[in-house]
Structures are given as C-alpha cells and as structure tokens.
Amino acid sequence: MALPPYTTLGEKIWHYLFRTICGLIFLFLIMPILVVLPLSFNVEPYFSFTEGMLRFDSEAFSLRWYKDILTNGMAAPEAPVDWVWVADSWKNGQWIRAIKNSFIIGIASTLIATSLGTLAAVGLSRSEMPYKRFIMAVLISPMIVPLVITAAGMFYAFAQIQLNQTYIGVILAHVVLGTPFVIITVTATLVGFDKSLIRASNSLGAGAGTTFFKIQMPLILPGVISGGLFAFITSFDEVVAIIFLASPEQRTIPRQMWSGIREQISPTILAVATLLVLLSIVLLTVIELLRRRSERLRGITRT
Amino acid sequence: MPNVVEPITAADGTPLKKKLARALFRSKLRAAGLVLPLFAFIIATFVVPIFALMLQGVHNDTFYTYMPRTAEVLNDWDGESLPGELVFATLAAELAKGKKERTVGKVATRVNRQYSGARSTFTKTARKAVKMEAPFKEAILKADKKWKRVEFWQAIKLTSETWTPAFYGAALDYELKLNEGFERKVEKERIHVKLFWRTLVISAVVMGCCLLLGYPVAYLLATLPLKTSNLLMILVLLPFWTSLLVRTTAWIAILQSQGVVNDILVWVGVTSDDSRFSLIYNMTGTVVAMTHILLPFMVLPLYSVMKTIPPAYVRAARSLGATPTLAFLRIYLPQTVPGIGAGGLLVFILAIGYYITPALVGGQSGVLISNMIAFHMKSSLNWSLAAALGGILLAGVLLLYWAYDRVVGIDNVKLG
Numbered sequence: 010m011a012l013p014p015y016t017t018l019g020e021k022i023w024h025y026l027f028r029t030i031c032g033l034i035f036l037f038l039i040m041p042i043l044v045v046l047p048l049s050f051n052v053e054p055y056f057s058f059t060e061g062m063l064r065f066d067s068e069a070f071s072l073r074w075y076k077d078i079l080t081n082g083m084a085a086p087e088a089p090v091d092w093v094w095v096a097d098s099w100k101n102g103q104w105i106r107a108i109k110n111s112f113i114i115g116i117a118s119t120l121i122a123t124s125l126g127t128l129a130a131v132g133l134s135r136s137e138m139p140y141k142r143f144i145m146a147v148l149i150s151p152m153i154v155p156l157v158i159t160a161a162g163m164f165y166a167f168a169q170i171q172l173n174q175t176y177i178g179v180i181l182a183h184v185v186l187g188t189p190f191v192i193i194t195v196t197a198t199l200v201g202f203d204k205s206l207i208r209a210s211n212s213l214g215a216g217a218g219t220t221f222f223k224i225q226m227p228l229i230l231p232g233v234i235s236g237g238l239f240a241f242i243t244s245f246d247e248v249v250a251i252i253f254l255a256s257p258e259q260r261t262i263p264r265q266m267w268s269g270i271r272e273q274i275s276p277t278i279l280a281v282a283t284l285l286v287l288l289s290i291v292l293l294t295v296i297e298l299l300r301r302r303s304e305r306l307r308g309i310t311r312t
Numbered sequence: 017m018p019n020v021v022e023p024i025t026a027a028d029g030t031p032l033k034k035k036l037a038r039a040l041f042r043s044k045l046r047a048a049g050l051v052l053p054l055f056a057f058i059i060a061t062f063v064v065p066i067f068a069l070m071l072q073g074v075h076n077d078t079f080y081t082y083m084p085r086t087a088e089v090l091n092d093w094d095g096e097s098l099p100g101e102l103v104f105a106t107l108a109a110e111l112a113k114g115k116k117e118r119t120v121g122k123v124a125t126r127v128n129r130q131y132s133g134a135r136s137t138f139t140k141t142a143r144k145a146v147k148m149e150a151p152f153k154e155a156i157l158k159a160d161k162k163w164k165r166v167e168f169w170q171a172i173k174l175t176s177e178t179w180t181p182a183f184y185g186a187a188l189d190y191e192l193k194l195n196e197g198f199e200r201k202v203e204k205e206r207i208h209v210k211l212f213w214r215t216l217v218i219s220a221v222v223m224g225c226c227l228l229l230g231y232p233v234a235y236l237l238a239t240l241p242l243k244t245s246n247l248l249m250i251l252v253l254l255p256f257w258t259s260l261l262v263r264t265t266a267w268i269a270i271l272q273s274q275g276v277v278n279d280i281l282v283w284v285g286v287t288s289d290d291s292r293f294s295l296i297y298n299m300t301g302t303v304v305a306m307t308h309i310l311l312p313f314m315v316l317p318l319y320s321v322m323k324t325i326p327p328a329y330v331r332a333a334r335s336l337g338a339t340p341t342l343a344f345l346r347i348y349l350p351q352t353v354p355g356i357g358a359g360g361l362l363v364f365i366l367a368i369g370y371y372i373t374p375a376l377v378g379g380q381s382g383v384l385i386s387n388m389i390a391f392h393m394k395s396s397l398n399w400s401l402a403a404a405l406g407g408i409l410l411a412g413v414l415l416l417y418w419a420y421d422r423v424v425g426i427d428n429v430k431l432g
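Quick note, the sequences are listed as chains A and B, same order. Counting in the numbering used here, the first sequence runs from 10 upward without gaps. Counting in the numbering used here, the second sequence runs from 17 upward without gaps.
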C-alpha cells in the first residue's frame, strides 16, 4: 500500500511507526516457535542458547533429544539399532507410549464427536427446531466452562461408576470438549447451504437418508472435516482432563510434557514441541485448503 | 341462504390446517431427533457431573454416614454448655465402631476442616474408646482436653449437619459458628477472596493487553490487500493451532533468568549478569504467557468486524476536516465496538478459568482460583470446598457467557 503524495511528514512517520509496532506484535506472536525450533537441536541439556549455538558451531547442535524421544524409557537404549531395538522402543519408550495414547484417544474421540456434532448441527440449522437458542447454548458450553470445573466434575462423577483411569473415561471427556468446535464449524458451513437442494432431491423421490448422504453431506463435508480436525487438535492438546481422569497408563503427549516441565526439564520436551509445531502447520494447511474448497463448492467467491 | 365457509380439506377429507400442523410437528420431531443424541450425551457426561459436584458444595454427609447416631443425639443439644451423658455414650460407641471399621479417619478429617486440631483428638479418643466404660462423659473428657471445650462440640454439631452453607462461607473467607452465624476469618487466613480478586485482575490485565496488541494487528490485517493479509494471518493462526504446552514451554525458555530476553538485556547492557530480571514463575510470567495464548481470540473477532467497515467513512470524516485522531476516535473506533466486546468477553471468559499456564509459569504469586480448585480436588481432598470455590467461579463464567450470548450471539462464534 503506497502512500499518496499528499501525506504530511507526521503521517508518514506514523505510518512507518505503526508498521513497526505491528511487526513487533507479530514477532511476539511467533517468537515461541522461533525459539523452540533451534533450542531443540541443543547439544547441552539446557533450555538456553549456548555460545556455540550463537556462533553456529556445528558441534553445538545435535539430534540427541530427537533420539531421546525414541529411547527414553527403553530397556536397552544403547543396543545396536535393529528390529529388537525398534520393538523395545515401541513397547517401552515413554514418549512413544504417550504418542500412541494421544492418537488412540484423539482419533476415537474425534470420530464420536464429529458424528454426534454433525447430526446435531444439521438438526440445529433447521428452522423448525424448537428451543434452538437454549440448546445451542448448552451444547457450546463445554468450550466456555473452565476446564478445571469440567474435569473435576467428571472426576467426581466418573469415580462413582468406575470410569476413572480408563480409556473410555478419557475419551468421553474429550468428546465433550471437542463437540462445540464441530458444531460451530458445521453450523457455519450450513449457513450457506441452499435448502432448495433438499426439496429438489425429495421431489425426485429420494428418502431422507439418501438426501442426507448424497446431497447434503458432500456439500458440507469440508466443514465436517475441519470440525473434526478442530476436535482432534482439542483432544491432542488437552491436558487438564487427562490430569484428573487418566492413570499413567493413559498418559498422552501433553501430559508427558506437563510432568516433564514440572519435574525434570530436558530439551526432549523442546524436540517434541518442534514435532507438534510441524503437525500444527500441516493441520493448518489442510484446514485452509478445506475452507477454500468449501467456499468454491458453495459458490462463494472471495471479495 | 347464509354463506357457510367450508374448511379447506385435503384429499382424505381432514382439514388442511390440521394436516399442516401435523406435518410441522413431525418435522419438528425430526429436527429434535437429530439433536437429541448429542444433547443427551452432553447432559449425561457434562451437565450432570458438574451438577453432582456442585451439590457437594452445600451437601456433605461424611459425618452422618459414619456416625449417624451421634449426629442424631447432637440434634437435640442446645449448643450452650457441654452435652449430657447420652451424647458421650453414643460418641464412645460409634468411635469404637469407627476404630474397628477404620472409618474414624474420614470423620476426623471432616471435623478437622471445621476445627483444626480435631483430627488427633478423634483418632486418640477412638483408640481409647474401645476399652471405655461408663460413665462415658468422664472417660472421654479424660482422653483429650478438647472435649471440655464447648466450641469444639459446636464445631462437631456443625459438621454433623449434612446440608450446610459452611463451604460457601469458607470459599468467601467466612467461618460458620453455631448459634452465631457467619464470622469473618482473621486477616491472615483470608486467602480465597484475595485469590478471586487476583484472578479477576489478571484476567482484566490479560484482556487489556490482548486488546492493546490485537487492535493494531487486526486493523493492519483488515486494511492490507487480501494476499498480504492472508500471509500475515498465518502468523496469528499458527500460534493458535500450536499446542498450549508447547507455547508455555517456549515462554519458560524465553523468560527464565538464563533465557533469551535476559540474555539480550545483559548483552545490550540494560542489566548486569548477576542482576537478571525474574520474569517467570510470578505474575509477569502468567500475564505474558496468557496474553500470547489468548491473543488470537481477540484478533479474529476484531478482524471480522473491521473487515466489514467501509474505508470511505474515515475518508469522508477526513475530507470534512477531522484530524486523523478525531476521525479514528469518532468514526472508526465506535464501529469496532462489537468486535471489542466479542473479543474482550471471550478472552476474559477463557482467562478467568485458566489452569495450565498459571500452574506452570505462575510460581507463588501468579496462581489463579482454578489452581486452588485443582489443589482441593487432587491434594487436600476437600471436595466440598473445591465445589464451593468452583460454584462461585462457574456462576461468574455463566453470567459472562449469558452476556456474551446477548452481545454477540453464540451462533456467531467463528474459528479461524
């Protein structure tokens, strides 16, 4: 955006000052990621930059913390790398187990949250739905109620029915926390949905099921998938419910990081963090592509 | 001949009005049927558990469950002077029973919350109660001198009541006294109200910081050409999508005394190597990390509001002679108020219940009320107090949620 020729000196100064301020704020936003990336390659077991790192000494960098993700907790981490080593890591590695748990819990809760949430969003978007505002408020509330209260309530209630410290309990909790995101994204997609398509399909003889799966679902699918991704990342990132409801057997990545930060700070956490940043970049890209596709499908051109 | 209006009927002879009502009812049912599974699920796994926990805030039957007869005989006691032999005899019998069934510890812990030091009195007396003989009053009074105090008996009577406002009182730093009502705790024991205040203040400060940092960024994003602003938007969305734990870890690396910020300050010469600033494990750390984490929740609503403001308004104001400041204050700012309201409320609601970040970077001075709730749930196991604290927090959050629904409408929440 070039400045028009009639701007005064003061306006010019303000213009560039404003840009600088914004640049600093963007730096603030991105700084954690910028710091975590190089530190995860630190050869020393510290959280700070060493002199060697600042001089770009190749000896000051290493992949040892990435290796530690695989070996931490193994029976024989020093053994030669072969199938036995891989099996050992798969079975005993602390971080490996956390990663496995995160995916099991994340995928299971995402599937349930997405199917329940999509159905509910379709129902809520119908104009004949009674008490819409109230029901919507209840369904979104898990996003608003402080996590500690949610987790404590579940901890208390699940204790009565022996669901604490089980996978089922944790998954149920994550479904509850994930559904608001599914509802919000799917509802947003349904806003632009042309309802006459349903009527057209019905008048051509399709039943409710056929209409839903053949007509409505393909059109709202991008919204459903991005809602699912939101639910997945919510579960993947969630730690309060895990702290309350899970036993060491159900430790997830965030839970492992939580105890890592509180007990023995090691740069392995930074290596894991770097991998998680990469994962979020991938997910962000997918979401953006889906959003564009959805807009194209619905015939919305961006202004 | 009078003109009788025949009701319009459908093919099968039923009035059309009735038929329409029936069809509408059926489609209503169908819509409700789609929502029902999730609604039932949320009620069962979210609303009911929280409600059950909140009930603990006013209802605690530990004493009544394990010493029901003592609770009953205490009911008739006037609370003025030491109770009679009947109460002592019942107490001795139930203490002995509790000792045998190993439940006396639970009762002792419960009474201890009302009267500190009661725990040892109960366990000690229970040990002796097994061999006690009549007259029980004398025997029990000999077992521990606390039994001679009327206040101790008053505390026991209070804990024997299953429905009690005592925990909500404690959550607001008031102590419940028998026959006297609530009494404010002594200065140094008033911790909860202070914590509630700190939570409110930190949330407000975080909201203010988010607004201060989010407003210029949102303005820049809304006014730049779409291609550039989409690129810059990634810088806002990437942190939003990055794990909370990752960002908190990163802030530890940045703000700790050997961290990046202090290193730079030492290098520049602002401070010397042995007087580095303590930026983390205190309130500063909490505010900085929370501002960073909640900033996208401020930028996104502001951006979507600013996007809809035509730039011609400010230009018109300028051409009519307004200075840039005046044009901003009188023309632009008022139009962004909905965005400020939406973003501010959302940030405040999320900040007020924050747990993870304060627990990791807050140290002593940066913890919030959520951390206290978690402490009472997990460590001190005083669930009733946790429920009372949580009840107050929840009431505040629900009030703000209601306001948010009025101002913004929950169906207008946007993500990314």
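Backbone N, C-alpha and C define an ideal beta-carbon position, used for all residues, glycine too. Keep in mind that this is a model prediction, so the values were computed, not measured.
Who are residue i's beta bridge partners in DSSP?
i      : result
H75/B  : W179/B
G237/A : The partner list for G237/A (beta bridge, DSSP) is empty, contrary to what the question assumes.
T25/B  : P31/B
F222/A : Beta-bridge pairing links F222/A to no other residue.
K193/B : G197/B
N101/A : DSSP output for N101/A lists no bridge partner at all.
Can you give me the Cβ contacts of residue i inside the same chain, cut-off strictly under 7 Å, excluding the 5 residues immediately before and after it?
i      : result
T115/A : Sequence inspection shows Gly at residue 115/A; the Thr mentioned does not correspond to that position. Excluding positions up to five away in sequence, the list reads F241, S244, F245.
T312/A : For T312/A, the pLDDT reaches just 40, beneath the cut-off of 50, and the residue's location in the model is therefore unreliable, although a value from the coordinates is still provided. There are no such residues.
Taking Cβ-Cβ distances shorter than 7 Å, what residues in chain A pair up with residue i?
i      : result
R263/B : P41
A390/B : V157
Chain B partners of residue i, CB-CB under 7 Å?
i      : result
V286/A : T258, V262
E267/A : Just to set this straight, residue 267/A is Trp in the shown sequence, not Glu. Within chain B, the residues near W267/A are L261.
List, in chain order, every chain B residue whose beta-carbon is nearer than 8 Å to that of residue i.
i      : result
S289/A : L254, W257, T258, S259
Can you pull the chain A residues whose beta carbon is under 8 Å from the beta carbon of residue i, in chain order?
i      : result
G275/B : F56, S57
V64/B  : A166
F55/B  : A129, I144, V147, L148
Y371/B : P155, L156, V157, V249
Along chain B, in chain order, which residues have C-beta atoms closer than 9 Å to that of residue i?
i      : result
T277/A : By Cβ distance, chain B contributes nothing, its closest Cβ being about 11 Å from T277/A, past 9 Å.
A282/A : T258, S259, L261, V262, R263, T265, A266
Keeping to the same chain, check which residues put their C-beta closer than 8 Å to that of residue i; ignore five residues upstream and five downstream.
i      : result
V157/A : V249
R135/A : none
I435/B : Nothing about residue 435/B can be read from this structure; chain B reaches only from 17 to 432.
A269/B : G275, V276
G269/A : S275, T277, I278
Check this for me: beta carbons of residue i and residue j, under 8 Å apart or not?
i      : j      : result
S219/B : I368/B : yes
S303/A : T188/A : no
L46/A  : T283/A : yes
P232/B : C31/A  : yes
Y329/B : I347/B : yes
V377/B : A266/B : no
V179/A : T127/A : no
T141/B : I156/B : yes
V281/A : I262/A : yes
M163/A : A182/A : yes
Enumerate in chain order the residues of its own chain whose CB-to-CB distance from residue i is below 6 Å, with the five nearest sequence positions on each side excluded.
i      : result
T287/B : L281
V363/B : M223, C226, L310, F313, M314
A182/B : L192
V321/B : T352, P354, G355
I149/A : P189
S235/A : T194, I296, L299
I256/A : The displayed chain sequence assigns Ser, not Ile, to residue 256/A. So the qualifying residues of the chain are Q174.
Which residues in chain A have a C-beta closer than 9 Å to the C-beta of residue i? List them in chain order.
i      : result
F333/B : Going by the sequence as given, residue 333/B is Ala instead of Phe. Simply none; closest approach about 15 Å.
P232/B : F27, I30, C31, I34
Contact list for the stretch 290-306 of chain B against chain A, Cβ threshold 8 Å: none
Identify each residue in the stretch 392-426 of chain B for which the Cβ-Cβ distance to at least one residue of chain A is less than 7 Å, and report them in chain order. M393, W399, A402, G406, L409, L410, V413, Y417, D421, I426
Beta carbons nearer than 9 Å to chain A: which residues of the stretch 335-348 of chain B have them? P340
Pull out every residue of the stretch 29-43 of chain B whose Cβ sits closer than 8 Å to any Cβ of chain A, in chain order. L40, S43
Residues in the stretch 221-250 of chain A having any Cβ partner in chain B nearer than 7 Å: F239, I242, D246, V248, V249
Which residues, in order along the stretch 115-136 of chain A, keep a beta-carbon less than 7 Å from a beta-carbon of chain B? L125, G126, L128, A129, V131, G132, L133, R135
In chain order, what residues of the stretch 178-194 of chain A put their CB closer than 7 Å to some CB of chain B? L181, V185, T188, F190, I193, T194
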